[in-house]
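J.:
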Amino acid sequence: MVSLTEMPELVMNNILEKLDLRSILSLRKVCHDLRNFIDDGKPDPHLTEIEITVKYSSITLIMRIHHLKLINHEIKYKKEDTKGCSVVYEKREKLLENENYISTFAKDLEVVLTVFESKMKLEKFDLNWRYAHHEVFDEVSKKMESILKPYKLKVKKVTIEAFEQSHVMSILPYLDPKPLYQIDISEACLPDYSVYKNNPLKLDEVVELEQWKDANEILIARQVELPDMKNLENARCVFVTLDSIKLEDLIELKEQFLLSRTLGEYDMEYASFDEQDQFFEPFGVPYLEYQENPDSKQWFFKTEHPDQILQIHHYNDGVWHVKFVIFNKRRIPSEAIIQ
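Under this note's numbering, read the sequence shown as residues 17 to 355, first letter to last.
1) Given a cut-off of 8 Å on the beta-carbon distance, is the pair Lys313 and His337 in contact?
2) For Thr278, count the other beta carbons within 10 Å of its own beta carbon; 16 or more makes it buried, fewer makes it exposed. Which is it?
3) In chain order, what residues of the same chain lie with their CB nearer than 8 Å to the CB of Met17, ignoring the 5 residues before and after it?
4) What does DSSP give as the partner residues of Phe340 in its beta bridges?
5) Nearest by alpha-carbon distance to Leu275: which of Gly300, Gln324, Pro298 and Ser162 is it?
6) With burial defined as no fewer than 16 other Cβ atoms inside 10 Å of the residue's Cβ, what is the status of Ile342: buried or exposed?
7) Mark Thr98 as exposed unless 16 or more other C-beta atoms lie within 10 angstroms of its C-beta, in which case mark it buried.
8) Restricting to Cα atoms, I'd like to know which of Thr175, Ile75, Val335 and Lys71 is closest to Lys123.
9) Drop a sphere of 10 angstroms on the beta-carbon of Pro349, count the other beta-carbons inside from all chains shown, and report buried for 16 or more, exposed for fewer.
10) Report the option in Glu203, Phe289, Ala251 and Glu161 whose CA atom is closest to the CA atom of Glu125.
11) Ala204: which of Asp220, Val222 and Val184 sits nearest, CA to CA?
12) Pull up the CB-CB distance for Ile353 and Phe316, whole angstroms please, since I reckon it's below 8 Å.
13) Is the CB-CB distance between Lys170 and Pro189 below 8 Å?
14) Would DSSP call Asn309 helix, strand or coil?
15) Which ranges would you report for the alpha helix (DSSP H) in the region 216–269 if only whole runs of at least 4 residues count?
16) At 4 residues or longer, and completely inside the region 123–188: list those alpha helix (DSSP H) runs for me, N to C.
17) Confirm, please, whether the CB-CB distance from Leu304 to Pro310 is below 8 Å.
18) Quick check on Leu191: does DSSP put it in helix, strand or coil?
19) For Tyr72 and Phe153, what's the separation of their Cα atoms in angstroms?
20) How about Ser288 and Asp265: are their beta carbons less than 8 Å apart?
21) How would you label Ile201, buried or exposed, when you count the other beta carbons within 10 angstroms and need 16 or more for buried?
22) So Val104 is in the beta strand (DSSP E); what residue range does that whole segment cover?
23) Which value, in whole angstroms, describes the spacing of the CA atoms of Asn250 and Lys229?
24) Here's a check: name, in chain order, each residue in its chain whose Cβ is nearer than 8 Å to the Cβ of Ile163, leaving out the five neighbours to either side.
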């Protein structure tokens, strides 16, 4: 009987093509020859999503595969009261003595990237935090940076829950900017939410990254501090929560929208706007869709393209928004004035 290590290369490649992620990783542990063959051959795991959720004393790694059918590989790494950690996979739990749960997770993720990274074309990469303490944040962030640094992971959409800029910088610089379409940054769930009060996320390092400048969509569902509104001008679609906005930035953004062929929609939530009383003057008389709601004001402007109109919408749905949207002229209310 011929052993796996004695099989022709073509036959082995055909076998690997039919195996799932778990089977390939298991086969890799059989012997050094198989490990080397798999590492050199870089089989395609058909992996489309990686989701990591960090809690106070556990990390969950979910790897999703969309190939003929949807398969979820979920591994949970738990800190144990005794010295060590446990790993749970498919309802089976294994205790690892004298092992740290964060280091064990990091080693497994590193193996997946070492074996499969060159064939990976991920739809999504998510890093979520659920009530982890600051020291866990820092340790996991350092591990993530160390793991990702040798690669340029190909991802279309990345979601990063962040408390500090360093948490974003531990991931974003190590993603391939070419396929990266959407960057989503939101609040991390913390044991004490008061730390977010008057503490907007600084992004001065992030906005200098090629990944940020090339992204098509930027979604930020927490208060941030941008060095300049121009740091958003390369994206087609933006949702951002700002600590404050300035009238001069809005006027400049309006001019960019009027001339651009690529800008589509910017929705800016804001906490303070010192010049709000002056906001209406440069844009002329607003259109009030609902007379009973004077907080909702709209303006419409011609663009360089005859069939497209810029709408600027200032409204309050519990928080203040300024929204810039380009859409077809036919959608404008008949009684509205186009400037």
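Even for Gly, the Cβ is constructed at its ideal location relative to N, Cα and C.
T.: Reading from the atomic positions:
1) no
2) exposed
3) In this prediction, Met17 scores a pLDDT of 48, lower than 50, which makes its location untrustworthy; no coordinate-derived value is stated.
4) Tyr282 and Ile328
5) Gln324
6) buried
7) exposed
8) Ile75
9) exposed
10) Note that residue 125 is Leu in the sequence shown here, rather than Glu. Answer by Cα proximity: Glu161.
11) Val184
12) 7 Å
13) no
14) coil
15) 226–230
16) 150–164 and 181–185
17) yes
18) strand
19) 9 Å
20) no
21) buried
22) Gly100 to Tyr105
23) 6 Å
24) Ala122, Leu125, Glu126 and Leu129
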